[in-house]
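These protein sequences, in sequence, are chains L and W. Take the position in the first sequence, starting the count at 1, then add 349; the result is the number in the numbering used here. Take the position in the second sequence, starting the count at 1, then add 6; the result is the number in the numbering used here. Here the structure comes first, spelled out in structure tokens, and everything after it is commentary.
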Amino acid sequence: NAGVTQTPKFQVLKTGQSMTLQCAQDMNHNSMYWYRQDPGMGLRLIYYSASEGTTDKGEVPNGYNVSRLNKREFSLRLESAAPSQTSVYFCASIADVSSYNEQFFGPGTRLTVL
Amino acid sequence: GNSVTQMEGPVTLSEEAFLTINCTYTATGYPSLFWYVQYPGEGLQLLLKATKADDKGSNKGFEATYRKETTSFHLEKGSVQVSDSAVYFCALSVGGFSNTGKLIFGQGTTLQVKP
């Protein structure tokens, strides 16, 4: 049981390049989330998927798109990377939002945009 | 709107010292409150939670009590260890019919424990 996995762990991009961050969970969870972590700002929600087939914007969605490919996978795409998107990105999942269970986090992707 | 405010860090303590990390919140409705911990180079892990007023969450010697009257959820530990060095995040989730499980985080407090 691997929990939440993310790839890649590290990435360096040039301004204007595109890339997709991958996230997968093997816990049969319904809801998945993408956060970014910046110094002094905690984690901020980018997008989330309450259930398979649905996605919604979070607090900071500009410059990102997401795809909930199936129940297991939730990817985050940067179409044209900007230096302001330099951050650590975390994917998370939760089994059942109504019971306030633990949200499980992946190990993160550290992205640098030059 | 909903928000979480944590005390500024870093917090530096000697081993076996008493720890308090302050957390206050603003929320509509009746939030659930959480403390997450992030060890160096890792993702976040749930440390403890409380889902209603006056609940006390506890785990690994850490405790926090949900105080609705002061809108606070301060984290405490009686005797810290070097292995407790990490970043601690206070967070809330607002329930109700529109609950989506989204977490709202404080800015994080770095704890460094010296031997």
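Beta carbons are placed, not taken as given, at the ideal position from N, Cα and C, and that holds for glycine. None of the values given here were measured: they were computed from a predicted structure.
Taking the straight line between their C-alpha atoms, what separation do you get for residue i and residue j?
i        : j        : result
W:Val10  : W:Ala33  : 9 Å
W:Ser20  : W:Gln87  : 8 Å
W:Ala56  : W:Gly49  : 21 Å
W:Tyr36  : L:Gly365 : 43 Å
L:Val415 : L:Ser398 : 9 Å
L:Ser433 : W:Ser99  : 27 Å
W:Cys96  : W:Tyr42  : 6 Å
L:Ser400 : L:His378 : 9 Å
L:Gln371 : W:Glu75  : 42 Å
L:Glu408 : L:Tyr382 : 12 Å
W:Lys83  : W:Lys58  : 21 Å
L:Asp405 : W:Lys120 : 43 Å
L:Gln374 : W:Leu54  : 22 Å
W:Ser91  : W:Ser64  : 18 Å
L:Ser429 : W:Pro46  : 30 Å
L:Thr435 : L:Val462 : 5 Å
W:Gln44  : W:Gln51  : 6 Å
W:Lys62  : W:Ser38  : 12 Å
L:Thr403 : L:Met390 : 27 Å
L:Pro410 : L:Leu427 : 11 Å
W:Ser85  : W:Thr77  : 25 Å
W:Phe40  : W:Met13  : 15 Å
L:Leu362 : L:Ser380 : 29 Å
L:Ala431 : L:Gln360 : 13 Å
Would DSSP call residue i helix, strand or coil?
i        : result
L:Ser429 : coil
W:Ser85  : coil
L:Asp387 : coil
L:Gln434 : helix
L:Gln355 : strand
W:Phe103 : At W:Phe103 the pLDDT is 49, less than 50, meaning the model places this residue with poor confidence; the figure from the coordinates comes in the next sentence. Here W:Phe103 sits in coil by DSSP.
I'd like to check one pair, residue j with residue i: are the Cβ atoms closer than 8 Å?
i        : j        : result
L:Val437 : L:Arg459 : yes
W:Gln113 : W:Thr18  : no
L:Tyr384 : L:Phe439 : yes
L:Gly323 : L:Val353 : No answer is possible for residue 323 of chain L: the residues shown for chain L start at 350 and end at 463.
L:Leu394 : W:Lys108 : yes
W:Leu80  : W:Thr115 : Note that residue 80 of chain W corresponds to His in the displayed sequence, not to Leu. Against a cut-off of 8 Å, the Cβ pair of W:Thr115 and W:His80 comes out as no contact.
W:Asn28  : W:Ile110 : no
Can you pull the chain C residues whose beta carbon is under 8 Å from the beta carbon of residue i, in chain order?
i        : result
W:Gln113 : The chain inventory of the structure shown lacks chain C, comprising the protein chains L and W.
Chain W contacts from the stretch 396-408 of chain L (Cβ-Cβ distance under 8 Å): Tyr397, Ala399, Asp405, Gly407
Whole alpha helix (DSSP H) elements within the stretch 378-422 of chain L, 4-residue minimum: none
Cβ-based contacts, 9 Å cut-off: residues of the stretch 36-70 of chain W near chain L: Ser38, Phe40, Tyr42, Gln44, Gly47, Glu48, Gly49, Leu50, Gln51, Leu52, Lys55, Thr57
Completely contained beta strand (DSSP E) runs for the stretch 38-72 of chain W, where each covers 3 or more residues: 50-56, 62-65, 68-71
Residues from the stretch 77-98 of chain W in contact with chain L, defined by Cβ distance under 7 Å: Phe95
Chain W contacts from the stretch 450-463 of chain L (Cβ-Cβ distance under 7 Å): Glu451, Gln452, Phe454, Gly455, Pro456, Gly457
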